[in-house]
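Take our numbering: the final residue in the sequence shown is number 297, and no numbers are missing along the way.
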Amino acid sequence: MRIVVALGGNALLRRGEPMTADNQRANIRTATEQIAKIHPGNELVIAHGNGPQVGLLSLQGLSYKPDEAYPLDVLGAETEGMIGYMIEQELGNLLDFEVPFATLLTQVEVDANDPAFKDPTKFIGPVYAKDEAERLAKEKGWVVKPDGDKYRRVVASPKPKRIFEIRPIKWLLEKSSIVICAGGGGIPTMYDENRKLKGIEAVIDKDLCSALLAEQLDADLLIIATDVDAAYVDFGKPTQKAIAQAHPDELERLGFAAGSMGPKVQAACDFARHTGKVAVISSLENIEDIVKGTAGTRVSTAKPGISYR
């Protein structure tokens, strides 16, 4: 099968964990140990989040003069190289030496009139207590919003329209490469009034971009990896139930939080609806069973309704 694996941010840096290179590498090593299990007989494409990393680079940039700080699109490109390097190295240490890898800087087109630019929702950077978040917002001109019991900076998250590097990604797959691409949802770009491509200050949602990537690659399976074994209704309550299988229409009716499971559910529904194939939301620990069809929340148009475990 051709499989697209979308790594959640927890696979790179866990919530509240110090954002060090050593911590990131240790988490990536754990993730790649699972991904390596499904490499035999399959084509793999790996996408990943970058919220903590792009936020960290943005914070580092504040130590410079305002006109010397790099914009989010450039920082997004930096994170693609940094994270892709670590994934290549850690996964390469687990697979045969002859397996080729490629990390591809991936430009993604967004709409200049996307309403997301007027309502920032994408969390980046570390978590803060409310008082500190409000102080930083006033001091640095940020928009901050609650993230669980903490607060984080939010930036615009426009929808992905087109992945410019889709052809070279396909060429690499034809040569049996494992491709790491569309990191952090890709580098946000748009055309100006002169039809010249330029970067834009935003962070594209990783899951929505991964769904578009999987669709355009004619992938057989989209795995949206997160830190829970499935999507749940009433999550965290005594009445919580894990969703085993769902039609996109039924799943969308349930409603999920925009800052957590919402984008993952939307991405899974988009891929299943547009391709007629299967998207699965689950944790990496279940990856072999996901590929076998026995784990996670499986989203498909094959049959109506919704079932629970």
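We treat Cβ as the ideally placed atom computed from N, Cα and C, and that holds for glycine.
Residue closest to residue i, alpha-carbon to alpha-carbon, out of the options
{"i": "residue 16", "options": "4, -4 and 27", "result": "-4"}
{"i": "residue 229", "options": "218, 238 and 237", "result": "218"}
{"i": "residue 283", "options": "212, 226 and 248", "result": "212"}
{"i": "residue 118", "options": "239, 125, 139 and 210", "result": "139"}
{"i": "residue 295", "options": "99, 25 and 234", "result": "234"}
{"i": "residue 104", "options": "225, 148 and 120", "result": "148"}
{"i": "residue 12", "options": "34, 24, 29 and 40", "result": "40"}
{"i": "residue 126", "options": "136, 46, 199 and 141", "result": "141"}
{"i": "residue 9", "options": "32, 46, 31 and 73", "result": "73"}
{"i": "residue 160", "options": "177, 92, 227 and 197", "result": "92"}
{"i": "residue 248", "options": "232, 214 and 274", "result": "214"}
{"i": "residue 44", "options": "114, 137, 2 and 101", "result": "114"}
{"i": "residue 31", "options": "163, 244 and 225", "result": "163"}
{"i": "residue 27", "options": "134, 84, 146 and 102", "result": "84"}
{"i": "residue 35", "options": "136, 58 and 76", "result": "76"}
{"i": "residue 183", "options": "220, 100, 206 and 157", "result": "100"}
{"i": "residue 134", "options": "145, 121, 128 and 146", "result": "121"}
{"i": "residue 223", "options": "128, 244 and 236", "result": "244"}
{"i": "residue 251", "options": "23, 47 and 146", "result": "146"}
{"i": "residue 237", "options": "226, 227 and 257", "result": "257"}
{"i": "residue 137", "options": "281, 22 and 116", "result": "116"}
{"i": "residue 23", "options": "278, 292 and 53", "result": "278"}
{"i": "residue 128", "options": "286, 51 and 86", "result": "51"}
Three-state class that DSSP yields for residue i in the structure shown
{"i": "residue 91", "result": "strand"}
{"i": "residue 1", "result": "coil"}
{"i": "residue 295", "result": "strand"}
{"i": "residue 243", "result": "coil"}
{"i": "residue 234", "result": "strand"}
{"i": "residue 249", "result": "coil"}
{"i": "residue 7", "result": "coil"}
{"i": "residue 198", "result": "helix"}
{"i": "residue 16", "result": "helix"}
{"i": "residue 123", "result": "helix"}
{"i": "residue 83", "result": "coil"}
{"i": "residue 340", "result": "In this structure the chain extends from -11 to 297, so residue 340 is not present and cannot be described."}
{"i": "residue 163", "result": "coil"}
{"i": "residue 147", "result": "coil"}
{"i": "residue 21", "result": "helix"}
6 Å CB neighbourhood of residue i in its chain, flanking five on each side removed
{"i": "residue 263", "result": "203"}
{"i": "residue 165", "result": "88 and 90"}
{"i": "residue 154", "result": "204"}
{"i": "residue 297", "result": "230 and 232"}
{"i": "residue 33", "result": "-8 and 167"}
{"i": "residue 131", "result": "108 and 142"}
Boundaries of the alpha helix (DSSP H) in which residue i is found, first to last residue
{"i": "residue 288", "result": "Counting along the chain, residue 288 falls outside any alpha helix (DSSP H), and DSSP gives it neither H nor E."}
{"i": "residue -5", "result": "Careful: residue -5 lies outside any alpha helix (DSSP H), inside the beta strand (DSSP E) at -10 to -5."}
{"i": "residue 46", "result": "39 to 49"}
{"i": "residue 73", "result": "60 to 80"}
{"i": "residue 191", "result": "Here residue 191 belongs to no alpha helix (DSSP H), and DSSP marks it neither H nor E."}
{"i": "residue 216", "result": "Here residue 216 belongs to no alpha helix (DSSP H), and DSSP marks it neither H nor E."}
{"i": "residue 277", "result": "275 to 280"}
Beta-carbon proximity of residue i to residue j, cut-off 7 Å
{"i": "residue 194", "j": "residue 4", "result": "no"}
{"i": "residue 255", "j": "residue 289", "result": "no"}
{"i": "residue 143", "j": "residue 110", "result": "yes"}
{"i": "residue 272", "j": "residue 253", "result": "no"}
{"i": "residue 201", "j": "residue 170", "result": "yes"}
{"i": "residue 18", "j": "residue 79", "result": "no"}
{"i": "residue 25", "j": "residue 181", "result": "no"}
{"i": "residue 301", "j": "residue 151", "result": "Since the first and last residues shown for the chain are -11 and 297, residue 301 lies out of range."}
{"i": "residue 196", "j": "residue 267", "result": "no"}
{"i": "residue 198", "j": "residue -1", "result": "no"}
{"i": "residue 94", "j": "residue 29", "result": "no"}
Sequence-distant residues of its chain with Cβ nearer than 7 Å to residue i (five each side left out)
{"i": "residue 208", "result": "-11, -10, -9 and 265"}
{"i": "residue 42", "result": "60, 63, 64, 67, 112, 172 and 191"}
{"i": "residue 331", "result": "The shown model of the chain, from -11 to 297, leaves out residue 331, and the question about it has no answer."}
{"i": "residue 216", "result": "271"}
{"i": "residue 179", "result": "185"}
{"i": "residue 188", "result": "61, 98, 176, 177 and 178"}
{"i": "residue 242", "result": "221"}
{"i": "residue 49", "result": "57 and 58"}
Enclosing beta strand (DSSP E) for residue i [first to last residue]
{"i": "residue 135", "result": "131 to 135"}
{"i": "residue 140", "result": "138 to 143"}
{"i": "residue 176", "result": "175 to 179"}
{"i": "residue 31", "result": "31 to 36"}
{"i": "residue 110", "result": "110 to 116"}
{"i": "residue 186", "result": "185 to 187"}
{"i": "residue 268", "result": "266 to 271"}
{"i": "residue 168", "result": "166 to 169"}
Cβ-heavy atom distance, residue i to the ligand GDP, below 6 Å
{"i": "residue 41", "result": "The ligand GDP is not part of this structure, which contains no ligands at all."}
Own chain residues within Cβ distance below 8 Å of residue i, not counting five before or after
{"i": "residue 70", "result": "41"}
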